[in-house]
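Engineer: In the numbering used here, the protein residues as written are 275 to 578.
Each residue gets a CB set at the ideal place from its N, CA and C atoms; glycine is no exception.
Structure provided below as structure tokens; questions to follow.
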């Protein structure tokens with residue numbers, strides 16, 4: 275059994291998760307993972323079955339959505355084209371970002387679409403905060419919901435903004451710009467939020483986590499990370515960060531930025547982490563986007 279982590283926070287890699295993959299199925303590029311209040315695990319992947327649901331033991335529950343990312347000739351007909359981020363809202367709604375449709379969508383637990391932000395297939399080519407067609411997005415990457423029910427979207431690969439929407443989907447404001455200074459971003463690869471409502475941005479090219487107020491006011495940054503990719507704010511009050519730069523891995527911090535635990539590299543069972551979430555017992559699920567034949571999977575780490 276592979277044991278990972280440092281200090282008092284350690285985990286064991288579960289080699290049998292998932293154990294109920296339907297015959298002939300695979301995750302391929304697993305870009306996102308999230309867990310709802312029922313401890314149902316969602317995997318968002320760039321494959322034939324873009325959303326799959328599992329229990330914490332690794333048994334398959336169901337799937338929904340259609341992918342068009344595998345067939346360029348049919349790229350406009352699927353539900354998703356380039357799955358990226360997934361987030362479970364306070365009401366167990368499922369929020370998905372697709373970098374190639376330039377949309378953020380809200381779904382019920384079993385996939386019914388409730389809301390769509392952005393206009394499918396229209397990007398903000400001006401790289402501004404308003405953009406063509408009155409739309410803000412150009413390859414959005416992630417989403418969080420604040421205590422007021424407002425929707426904050428990291429945007430993302432081509433823009434360098436965070437956009438705030440009302441619970442009903444009205445654009446309220448945007449902030450951020452390209453650069454290396456405070457509240458400037460090389461990329462917003464994903465977004466997180468803590469219990470105080472502070473915003474965490476995975477500024478991957480600048481190899482740092484930026485922490486800001488919801489109006490974009492810079493608070494601090496963490497630089498003891500290698501190309502951070504995504505976050506999970508744990509039930510234990512710690513922030514879990516996946517790192518995508520070599521050696522890839524996971525680092526766990528207090529909200530004051532103190533390193534609590536860390537594991538990196540293939541010797542610790544990890545090759546290409548892209549997202550992270552935990553269940554009610556504090557066990558972790560890491561989505562690995564990988565290269566062909568390597569790391570295209572979701573791995574479970576059981577808390578010791």
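Counting only runs that start and end within the region 359 to 397, where is the beta strand (DSSP E) found for 3 or more residues in a row?
Structural biologist: 368 to 372, 377 to 381 and 387 to 391
Engineer: May I ask you to list the residues that DSSP assigns as paired with residue 439?
Structural biologist: 425 and 445
Engineer: Shorter than 8 Å, the distance from the beta carbon of residue 322 to the closest heavy atom of the ligand SAH, or not?
Structural biologist: Because no ligand of any kind appears in the structure shown, any question about the ligand SAH cannot be addressed here.
Engineer: Is it buried or exposed for residue 470, if we count other Cβ within 10 angstroms and need 16 for buried?
Structural biologist: exposed
Engineer: Please work out which residues of its chain come closer than 7 Å, Cβ to Cβ, to residue 418, disregarding the five sequence neighbours upstream and downstream, and give them in chain order.
Structural biologist: 361, 426, 465, 466 and 467
Engineer: Can you give me the Cβ contacts of residue 552 inside the same chain, cut-off strictly under 6 Å, excluding the 5 residues immediately before and after it?
Structural biologist: Only 506, 508 and 558 meet the Cβ criterion.
Engineer: Let me check one thing: in DSSP terms, what residues is residue 484 bridge-paired to?
Structural biologist: 475 and 495
Engineer: Output the distance between the C-alpha atoms of residue 291 and residue 385, rounded to the nearest integer angstrom.
Structural biologist: About 23 Å.
Engineer: Thinking C-beta only, is residue 511 closer than 9 Å to residue 528?
Structural biologist: Yes, they are a contact pair.
Engineer: Quick check: residue 555 and residue 330, are their CB atoms within less than 9 Å of each other?
Structural biologist: yes
Engineer: Since residue 311 and residue 366 should fall inside the 8 Å C-beta cutoff, what is the C-beta to C-beta distance between them, to a whole number of angstroms?
Structural biologist: 6 Å
Engineer: Can you pull the DSSP bridge partners for residue 538?
Structural biologist: In DSSP, residue 538 forms a bridge with 523.
Engineer: Under the rule that 16 or more other beta-carbon atoms within 10 Å means buried, what is residue 277, buried or exposed?
Structural biologist: exposed
Engineer: If I measure Cβ to Cβ from residue 594 and keep anything under 7 Å in the same chain, skipping five residues before and after, which residues do I get?
Structural biologist: No information on residue 594 is available, as it lies outside the stretch 275 to 578 that the chain covers here.
Engineer: Does the distance from the C-beta atom of residue 287 to that of residue 543 stay below 9 Å?
Structural biologist: yes
Engineer: Identify every residue that forms a DSSP beta bridge with residue 452.
Structural biologist: Paired residues: 459.
Engineer: Which two residues bound the contiguous beta strand (DSSP E) that contains residue 336?
Structural biologist: In the DSSP annotation of this structure, the continuous segment of the beta strand (DSSP E) that includes residue 336 starts and ends at 334 to 338.
Engineer: Run the CB neighbour count on residue 444, radius 10 Å, all protein chains shown included, and call it buried at 16 or more, exposed below.
Structural biologist: Around the C-beta of residue 444, fewer than 16 other C-beta atoms lie within 10 Å, and the residue is accordingly described as exposed.
Engineer: Look at the alpha carbon of residue 513 and the alpha carbon of residue 451, and state the distance between them as a whole number of angstroms.
Structural biologist: 25 Å
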